[in-house]
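Asks: Let me begin by handing over the structure; questions about it come next.
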Amino acid sequence: MMFEANNHFALLGLPVQFEIDTDTLQSNYRKIQSEVHPDKFVTASPAERLQSMQSATLANEAFQTLKHPTSRARYLLQLQGIETLEDSNTAMPADFLMMQMEWREAMEDAQLAKDITALEHLLSTMKNEAKAMQTVLADVIVNDPNTAAQIVRKLSFIDKVSADVQHIISRLED
Amino acid sequence: MALLQISEPGMSAAPHQHKLAVGIDLGTTNSLVATIRSGMSTVLQDEHGHALLPSVVRYLPNGEIAVGHEALAQQSKDPVNTIASVKRLMGRSLQDIVDRAHIPYHFVAGDDTQSMLQIETRAGLKNPVEISAEILKALKVRAEKALGGELTGAVITVPAYFDDAQRQATKDAARLAGLHVLRLLNEPTAAAVAYGLDNASEGIFVIYDLGGGTFDISILRLSKGVFEVMATNGDSALGGDDFDHRIYCWILDQVRANTQQFNPLNEEDTRLLLTKARQAKEWLTDNHEAEIVCKLSNGHLVEATLSASTFVELTQHLVIKTLSPTRKAMRDAELSIEDIDGVVLVGGATRMPQIRHAVEEYFKQEPLTNLDPDKVVALGAAIQANVLAGNRSDDDLLLLDVTPLSLGLETMGGLVEKIIPRNSTLPIARAQEFTTFKDGQTAMSIHVVQGERELVSDCRSLARFELRGIPPMAAGGARIRVTFQIDADGLLSVSAREQTNGVEANVVVKPAYGLSEDAIMTMLQSSFSAAESDKQARALREAIVDAERLIDAIEVALAKDGALLSTEEQQAIKAELQALKTLCQGQDSHAIHQASEALNHATEAFAARRMDASVKQALAGQDLNTLDL
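Okay, structure coming up:
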């Protein structure tokens, strides 16, 4: 099958690097879906319908992976044979540990106080922190993959806390 | 002499015959069927000029079945055998229906507490799938009469927030009605297509769809014919019916306040008051107060005046209830109010002034209402049906829809582990690896659920299945990879493979609330003549229709991309084609099935090469060196 030999970057017509042109990503993704989406194969043979579903699924997977900086970085490291191991490698530098404890505390306080504004503020604080880490990533992902893996683990952590905060906000809004 | 084919203006006859395809809005209160005529999406009317078919089915004493206005007219007189709002019961068990005390039907639980409920009628036990199939049959008859031929296929709309069980039930109903389903399309997406193409709109649009029984909110990005759903949310048990119900309860309170003795209502009175409630709601759209006058079966006269302001008060919590999914969708799409270019109102219930005010207040802009909120979904479905059937050569319409609910698996302690998050673009697949926890374990059970909550008991159970035939190994030795695939209809399928020795176990997942294949076959057969010869004739006809569809598809592919094959490869496929064509002249349905499968198998490599070529071509102009397809 055609897609198997590839990586997500090649599939979406992008160079294999952390910094990507999101407009090109978006427009190439749409071009590919225009060709392979199951809606284009409704009257086709079962073989083509299966092929279409597999290809469209892969295009979605590739697009989602490359769209988000954390998953894009994790994927780039995987291509270099480095697993980021978020589940098993939980060792973090002390300053980051301090920061995450503060975030968790702020989250719990705001939850108790039902303070949505404070939760929104926390979200943007974490977003800025994540952005700062991403600017470093472009460089170290090539030159220092182990440091890059550490940053990806930090970003994964921020993503996780952000999701929890989002969840609390939506609960409070109910 | 050769006969000339004359087609309607705007319908091209050659080179491919125009396929008769329709869009169907199978609604809680009303259903519609639309098609593309002379390049315009048009709702088809019945012989009396009605576009809306009330979604009401009545089982008559003489064994006949009435659908639509005729059934609606008898609803108060024959409430037990006249089923309305059946959509709210699709894919649901008895215990899911919380307010059944106020619904005048004789409910019967399914085979077990998890299975789909049934309704006792004078025509026997009927399940929601069968009742919905009657509505679809009536629309099919209407369409075939209007279009003068058999339908090739239909796009049927479902609420975006429908879960797997509700979608499967809808597809089963279409199959019972003899309709070939081209696609299940989400109602707000259909509305966006109708609206977007009509107004040549670009930008980010919110579709606020409050129907008779369901509420959906979808946020889409419209750009150059691509309709990309960014987020969807909703409540599949909230709609105009609930507003009727609030008025109904208010009427009861008025009656109780004025009467010393109050007997429980019988079914006729319940239905009568619900009808009066609905009429009052509709009247209040353009008036300040509604008079409610009617006589109950015990002779008691009900007289009440409902003011618009009381109605707003009574239903305020329902209006607020729609804003919570709205906020969630906005959050999931990572948008703020200023990003929204337009808000489109869909569904008859959005005619209520309090809804319009609430939407306007939340989005800080006046909602768009220039398309009929009752028809816009069917019109959009017809446009999609026309494209899917292959009638439009300029293939510039692409719908990228999402799954509304997260898919998860039960883990230790009754907790859910999410494997596919909500708002993932379809189709999507995720693989998960499992291992055994006991020495020599040869089976394991997997429980799939849909929903956003942490506890299994708070989510909807989709399927429980067992993986058997795992080779006995030490605990943790076996590696079982289970793949969950959600297709473009939003339906789930599961396959499993034991990694260490490659044992493949294909699992057919039927939702816990769904009907088994056997049950569907029984219903299909009982709705036709039971004679053995008829069954065989039907099986043969179905086999030939399927085979012809396949032959047609492959001939089109060969004509277009035959150059991708070597002469030998072409000949191999053509030989299978010829074999199948010959069998189609005969009577052996089994042989036709086998030859169809052989032909399909022979084209698998061709299908892959065609996909390759089209992707390469689509990205041409890009740096081809980065492409190694």
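Residue numbers (this note's numbering), protein chains in the order written: chain C, 1 to 174; chain D, 1 to 629. Heads up, the beta-carbon is just placed ideally off N, CA and C, and yes, glycines get one too. All values derive from a computational prediction rather than experimental measurement.
1. Rounded to whole angstroms, what's the CA-CA distance from D/A192 to D/L345? Just pull it up for me.
2. Closest by CA to D/A557, which one among C/S27, C/I32, C/K40?
3. For C/M92, name the three-state secondary structure that DSSP assigns.
4. Taking the straight line between their C-alpha atoms, what separation do you get for D/G124 and D/D552?
5. Short of 8 Å Cβ to Cβ, which residues in the stretch 25-43 of chain C face chain D?
6. Check whether the Cβ of D/K171 lies closer than 8 Å to any Cβ atom in chain C.
7. Does the Cβ-Cβ distance between D/V158 and D/Q168 come in under 8 Å?
8. Going by the DSSP bridge assignment, what does D/E120 pair with across the sheet?
9. Buried or exposed, going by whether 16 or more other CB atoms sit within 10 Å of the CB of C/P15?
10. Whose Cβ in chain C lies nearer than 8 Å to the Cβ of D/N600?
11. Give me whichever residues DSSP pairs with D/I24 in a beta bridge.
12. Please determine, among C/M101, C/T135, C/N146, C/Q54, the residue with the shortest C-alpha to C-alpha distance to C/E19.
13. Going by alpha carbons, who is nearest to C/F9 out of C/S34, C/S52, C/V42, C/Q64?
14. Applying the 10 Å Cβ sphere with the 16-neighbour rule, what's the burial state of D/N386?
15. Does the beta-carbon of C/N89 have 16 or more other beta-carbons within 10 angstroms, so that it is buried, or is it exposed?
16. At 4 residues or longer, and completely inside the stretch 341-384 of chain D: list those alpha helix (DSSP H) runs for me, N to C.
17. Could you tell me which of C/E86, C/M92, C/P46 sits nearest to D/R549, measuring between CA atoms?
18. Going by C-alpha to C-alpha distance, which of D/G234, D/D269, D/R351 sits closest to D/C294?
19. At which residue ranges does the stretch 138-215 of chain D contain complete beta strand (DSSP E) runs of 3 or more residues, listed in the order of the chain?
20. C/M101 by DSSP, collapsed to three states: which one?
21. Taking beta-carbon pairs under 9 Å, can you tell me which members of the stretch 52-84 of chain C lie near chain D?
22. Are D/D470 and D/A443 closer than 8 Å when you measure CB to CB?
23. Consult DSSP for D/I97 and reduce its assignment to one of helix, strand or coil.
24. Starting from the beta carbon of D/P128, find every residue of chain C whose beta carbon is closer than 7 Å, and list them in chain order.
25. List the residues of chain D whose Cβ lies closer than 7 Å to the Cβ of C/S170, in chain order.
26. Taking CB distances under 8 Å as the criterion, tell me whether D/T435 reaches chain C.
27. Who pairs with D/N233 in a beta bridge, going by DSSP?
28. To which residues of the same chain is C/R74 closer than 6 Å at the C-beta, ignoring the five residues directly before and after it?
29. To the nearest angstrom, how far is it from the Cα of D/L491 to the Cα of C/A110?
30. Could you spell out where the beta strand (DSSP E) holding D/Q432 opens and where it closes?
31. Does chain D have any CB closer than 8 Å to the CB of C/E173?
32. Please check if any C-beta of chain D sits within less than 8 Å of the C-beta of C/Q166.
33. Taking only three categories from DSSP, how would you classify C/A113?
34. Could you spell out the range, first to last residue, of the alpha helix (DSSP H) harbouring D/L643?
35. Take D/S38 as the anchor and find which of D/S445, D/T285, D/L399, D/A382 has the nearest alpha-carbon.
36. Return the first residue and the last residue of the alpha helix (DSSP H) that D/H593 is part of.
Replies: Here's the rundown:
1. 10 Å
2. C/K40
3. coil
4. Spanning the two alpha carbons is a distance of roughly 42 Å.
5. N28, R30, K31, I32, Q33, S34, E35, V36, H37, P38, D39, K40, V42, T43
6. Answer no: the Cβ-Cβ gap between D/K171 and chain C never drops below 8 Å.
7. no
8. D/H106, D/L125
9. exposed
10. S45, P46, A47
11. D/V33, D/I156.
12. Ranking C/M101, C/T135, C/N146, C/Q54 by CA distance to the CA of C/E19 puts C/T135 first.
13. C/Q64
14. buried
15. exposed
16. 353-363
17. C/P46
18. D/D269
19. 153-158, 181-186, 203-210
20. Note: C/M101 maps to helix in three-state DSSP.
21. S52, M53, Q54, S55, A56, T57, L58, A59, N60, E61, F63, Q64
22. In the sequence under discussion, the amino acid at residue 470 of chain D is Ile, which differs from the Asp named in the question. In this structure, D/A443 lies closer than 8 Å to D/I470 by Cβ.
23. coil
24. Those within 7 Å of D/P128 in chain C number zero; the least Cβ separation is about 26 Å.
25. For C/S170, the residues of chain D that pass the 7 Å Cβ criterion are K328, R331, in the order they occur in the chain.
26. no
27. D/I217
28. T84, V152
29. Answer to the nearest angstrom: the Cα atoms are 39 Å apart.
30. Membership of D/Q432 in the beta strand (DSSP E) is indicated by the continuous run 428-434.
31. At least one CB atom of chain D sits nearer than 8 Å to the CB of C/E173.
32. Taking 8 Å as the CB threshold, C/Q166 lines the interface with chain D.
33. Here C/A113 carries a helix assignment [DSSP, helix/strand/coil].
34. Limits of chain D in this structure are 1 at one end and 629 at the other, which puts residue 643 of chain D out of reach.
35. The residue with the shortest Cα to Cα distance from D/S38 is D/A382.
36. Looking at the DSSP string, the run of the alpha helix (DSSP H) that includes D/H593 is 589-602.
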